[in-house]
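Residue numbers (the numbering used here), protein chains in the order written: chain H, 159 to 386; chain D, 86 to 321.
Structure representation (structure tokens):
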């Protein structure tokens, strides 16, 4: 791919990663509010949310049609759609783009499902690396209990049932999350994650996140020029 | 009578697919490539008749036939809402779905799989649209290497005639209209098909295509294919 480096883009990309139940979505939401309220051009994007691809993904998941490879490719298609139509143009236009999960989610999940790690990195090589990637690290048990204590109905793929780890969805989810957690830890250094202690209170974490962004990004530069 | 020798061990082009035992794939994978109007589907139907007459079980597959995404892909093609990358990944998903859910199970059962196009068309379309060659090659490293690839080569002049004969219009995508080569559909078609052929010429050497002159009559091409098919089955 004609690799675009963060330097070629006026905007800044900030991503959050972590297990389900790590509190990352809360943190990125608070970042979004903080930036909006100081008049920064901000755009928020979520994993697996392109309308176009949603139907196919839903169908595949419902009918359990997906193999590790098609699971990986359909999520990459979803990502590419959001990337080509929103993330990249907005970064070019000088936005701060906030991503709730980014390519590292695919690297972790798909590798656990058995996809080749080098193949995955090549597959997503078109995507620009974020200026900052926060990894919300939380003890596995904490994350699990935040999700499982409410006894939610776990979906087939969400629980990693396709891996055949256990016939019990809750046990399968535990084992699946544990494997994903290991992948995240292995990637932390490779991709220079900013590791956050997600067992701290929300506002303490938020303060650290804001400070890190403040130090790294010259925020006034990203304010709206058009009077609104 | 076609004599079928011991099946050679299948291989992937690159990193392949997780969880596939290649030694279990006892069938044969045969690909027919060529542009729209090159006579692919006609020839596949004839090959199928002939093979079945000889007592071989066959399965035919083609692009955009997967249960997973084909409907979405067709819908997306009617508007101009997809970026090139998204489009190419959509096709790759469709391909992977068929590879894993149709081609591989059929090969495991010892069938002869007749593929109406394969990764080469997808790769050529991506590459002429500016995708990075090594990215595309890595992506399709998931594909099995076919036992034989027949390429029906037809000149753009003949292709135009055959396409117009079919329904008196040229297809938007087969004319490469999205590339902005020309606002005139006929000129765009000619330019685009030449670009695709150029790419096929390059791939022909890399992937060892067996080129078949598709400018001839249906019967002549069919006879040629049968002879080549027979010799490949015997030498394999």
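Even for Gly, the Cβ is constructed at its ideal location relative to N, Cα and C.
| Query | Result |
| --- | --- |
| Please work out which residues of its chain come closer than 6 Å, Cβ to Cβ, to residue 111 (chain D), disregarding the five sequence neighbours upstream and downstream, and give them in chain order. | 92 and 195 |
| Just the chain D side, please: which residues come within less than 7 Å of residue 192 (chain H) by C-beta, in chain order? | Within 7 Å Cβ-Cβ: nothing; residue 192 (chain H) doesn't reach chain D, min ~31 Å. |
| For residue 190 (chain D) and residue 135 (chain D), what's the separation of their Cα atoms in angstroms? | 23 Å |
| Can you name the residues of chain H whose CB is closer than 7 Å to the CB of residue 178 (chain D)? | 228, 231, 232 and 235 |
| Is it true that the CB of residue 144 (chain D) sits closer than 9 Å to the CB of residue 197 (chain D)? | yes |
| Would you please verify whether the beta carbon of residue 152 (chain D) is less than 9 Å from any beta carbon of chain H? | yes |
| Considering only the alpha carbon of each residue, which of D:108, D:204 and D:231 lies closest to residue 317 (chain D)? | D:231 |
| Tell me which residue opens and which closes the beta strand (DSSP E) that residue 375 (chain H) is part of. | No beta strand (DSSP E) contains residue 375 (chain H), which DSSP labels as neither H nor E. |
| What does the Cβ neighbour count give for residue 378 (chain H), buried or exposed, with the cut at 16 atoms within 10 Å? | exposed |
| In chain H, which residues lie less than 7 Å from residue 110 (chain D) when you measure between Cβ atoms? | In chain order: nothing, as chain H lies at least about 16 Å away. |
| What first and last residue would you give for the beta strand (DSSP E) that runs through residue 298 (chain D)? | 295–298 |
| Please classify residue 201 (chain H): does DSSP put it in a helix, a strand, or coil? | strand |
| Would you kindly check if the distance between the Cβ of residue 199 (chain D) and the Cβ of residue 107 (chain D) is under 9 Å? | no |
| Looking only at DSSP bridge pairs, what is residue 291 (chain H) linked to? | H:173 |
| Going straight from the alpha carbon of residue 152 (chain D) to that of residue 361 (chain H), what length do you get? | 47 Å |
| My assumption, with CB atoms under 8 Å, is that residue 257 (chain H) sits in contact with residue 177 (chain H). Please give the rounded CB distance. | Rounded, the Cβ-Cβ distance is 16 Å, inconsistent with contact. |
| When the Cα atoms are used, what is the spatial distance from residue 227 (chain D) to residue 207 (chain H)? | 26 Å |
| Can you check whether the CB of residue 291 (chain H) is closer than 9 Å to the CB of residue 350 (chain H)? | yes |
| Does any CB atom of chain H fall closer than 9 Å to the CB of residue 258 (chain D)? | no |
| Less than 7 Å between C-beta atoms, sequence neighbours within five positions excluded: which residues of the same chain meet that for residue 211 (chain D)? | 173 and 221 |
| Please identify, using Cβ separations under 9 Å, the residues of the stretch 282–300 of chain H that lie next to chain D, in order along the chain. | 283 and 284 |
| Is residue 118 (chain D) helix, strand or coil when you go by DSSP? | strand |
| With residue 188 (chain D) and residue 149 (chain D) assumed to form a contact (beta carbons below 8 Å), what rounded beta-carbon distance in angstroms separates them? | Going by Cβ atoms, the distance from residue 188 (chain D) to residue 149 (chain D) rounds to 15 Å, so no, they are not a contact pair. |
| Measure the CB-CB distance between residue 269 (chain D) and residue 256 (chain D) and report whether it falls below 9 Å. | no |
| Spatial neighbours of residue 317 (chain H) within its chain, please: C-beta separation below 6 Å, excluding the five flanking residues on both sides. | 327, 330 and 331 |
| Return the chain-ordered ranges of every beta strand (DSSP E) run that is complete within the stretch 188–238 of chain H and spans a minimum of 3 residues. | 200–204 |
| At a Cβ threshold of 9 Å, is residue 269 (chain D) touching chain H? | no |
| Output needed in chain order: residues of the stretch 207–229 of chain D with a Cβ under 7 Å from some Cβ in chain H. | 217, 220, 223, 224, 226 and 227 |
| Could you tell me whether the Cβ of residue 373 (chain H) comes closer than 9 Å to any Cβ of chain D? | no |
| When you compare the CB positions of residue 313 (chain D) and residue 233 (chain D), do they come within less than 9 Å of one another, or not? | yes |
| From the DSSP secondary-structure annotation, give me the bridge partner or partners of residue 238 (chain D). | D:298 |
| With distances taken from CA atoms, which of H:225, H:354, H:313 and H:175 is nearest residue 179 (chain D)? | H:225 |
| Applying the 10 Å Cβ sphere with the 16-neighbour rule, what's the burial state of residue 233 (chain H)? | buried |
| List, in order along the chain, the chain H residues whose C-beta lies closer than 7 Å to that of residue 95 (chain D)? | What residue 95 (chain D) touches in chain H: nothing, since even the nearest Cβ is about 16 Å away. |
| Using a C-beta cutoff of 9 Å, does residue 318 (chain H) count as contacting chain D? | no |
| Any beta-carbon of chain H closer than 9 Å to the one on residue 185 (chain D)? | yes |
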